[in-house]
Amino acid sequence: MNIHVPKPDSHKGQNGKLLLIGGSELFHAASLWSLTVASRIVDLVHYCSVPENNEIVKNAKEEFRNGIVISRNDIHDYIQEDDVILIGPGMERTKETEELTNTIVTKYPNKQWVIDAGALQMIDPINIPKNAILTPHHQEYERVFGTKHPVDAAKKYQCIIVLKGVVDIITNGVEIKEVSGGNAGMTKGGTGDVLAGLIAAIATTNDPFESAIAGSTINKKAGDELYKTVGPFFNATDLANQIPKTMKKMFYP
């Protein structure tokens, strides 16, 4: 696996900047799992919650000390500044999510997007930006693409699809890669948010298709390493904390 890892002489900003748009009153922890894993990989993480969730933003400032919480008023500046925008973790399937997602991705079609969870479920497929990475489980996939084969869907919309399952299917419409591994511990809520944050972080300095493959591979390896010590009795926080250890073994043996 050939992906960018920080060089000894690198300086701040060379190892990626990520903006995460997500969070809701109902799913208050989801985006923080994404942020936790991303903050271990990139140089800087910015976090913006939806406007009605001021309490979420307040709590994030207290809980998430490894990044910067920004207001909705400043979101456009950070979209332009950051390398990748991850949208969706913790967002509910609402009209507000639909409007925000479709408006913002069409305004910035040339940015690198990772679209997950609530945003993924509410996006109009015609608005999917070129080279965007989508991370659906099977129900989310069917909601957006119906019964179309992932290769055909990725080719039609010029995007990268990570169809999550016991075997992750990753395709850019031309190539297809299957990543096996994982275990019953990874059925826990939040593990998909960890994966989205991982893929988005890697994509700040790497090709999007290769980032999707790398993220899937690392995520499953981390889950399998946890299984060796605690069986399936781990959660999303455990997985997020294991990923840096797994990456150390893989890239700095």
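Just so we're aligned, residue 33 is where the sequence shown starts under the working numbering, counting upward by one. Backbone N, C-alpha and C define an ideal beta-carbon position, used for all residues, glycine too.
Residue environment, residue i, which counts as buried when at least 16 other CB atoms sit within 10 Å
{"i": "isoleucine 73", "result": "buried"}
{"i": "isoleucine 158", "result": "exposed"}
{"i": "glutamine 274", "result": "buried"}
{"i": "phenylalanine 265", "result": "exposed"}
{"i": "glycine 178", "result": "exposed"}
{"i": "asparagine 142", "result": "exposed"}
{"i": "glutamate 172", "result": "buried"}
{"i": "glycine 120", "result": "buried"}
{"i": "isoleucine 192", "result": "buried"}
{"i": "valine 262", "result": "exposed"}
{"i": "histidine 108", "result": "exposed"}
{"i": "tyrosine 189", "result": "buried"}
{"i": "histidine 170", "result": "exposed"}
{"i": "isoleucine 100", "result": "exposed"}
{"i": "valine 137", "result": "buried"}
{"i": "lysine 260", "result": "exposed"}
Per DSSP, the bridge partner or partners of residue i
{"i": "isoleucine 165", "result": "Val146 and Ile192"}
{"i": "valine 77", "result": "Leu50"}
{"i": "valine 116", "result": "Leu50 and Gln144"}
{"i": "isoleucine 100", "result": "His78"}
Anticipated Cβ contact below 8 Å, residue i with residue j, distance rounded
{"i": "serine 71", "j": "asparagine 47", "result": "Not confirmed; about 12 Å, so no contact."}
{"i": "valine 183", "j": "valine 199", "result": "Wrong, their Cβ atoms sit about 15 Å apart, outside the cutoff."}
{"i": "leucine 76", "j": "lysine 49", "result": "5 Å"}
{"i": "glycine 122", "j": "serine 63", "result": "4 Å"}
{"i": "leucine 118", "j": "leucine 52", "result": "5 Å"}
{"i": "glycine 150", "j": "arginine 175", "result": "With a Cβ gap of about 11 Å, glycine 150 and arginine 175 do not count as contacting."}
{"i": "methionine 282", "j": "isoleucine 245", "result": "Not a contact, Cβ separation roughly 13 Å."}
{"i": "threonine 237", "j": "alanine 254", "result": "With 8 Å as the limit, threonine 237 and alanine 254 do not qualify as a contact, their Cβ atoms being about 20 Å apart."}
{"i": "glycine 45", "j": "serine 81", "result": "Not quite, the Cβ-Cβ distance comes to about 24 Å (not below 8 Å), so this is no contact."}
Residue-chain proximity (residue i, chain D), Cβ-Cβ < 9 Å
{"i": "serine 248", "result": "In the displayed structure, chain D is absent; only one protein chain is listed."}
Segment contact, 8 Å Cβ cut-off, at least three pairs: the region 134-151 with the region 228-237: These segments touch.
At least three beta-carbon pairs within less than 8 Å, the region 241-255 to the region 36-45: no
Complete runs of the beta strand (DSSP E) confined to the region 194-247 [at least 3 residues]: 199-203 and 208-212
Contact between the region 154-169 and the region 117-134 (3+ Cβ pairs under 8 Å): yes
Contact between the region 264-272 and the region 206-219 (3+ Cβ pairs under 8 Å): The region 264-272, when compared against the region 206-219, does touch it at the 8 Å Cβ threshold.
The region 159-179 in contact with the region 98-112 per 3-pair CB rule at 8 Å: no
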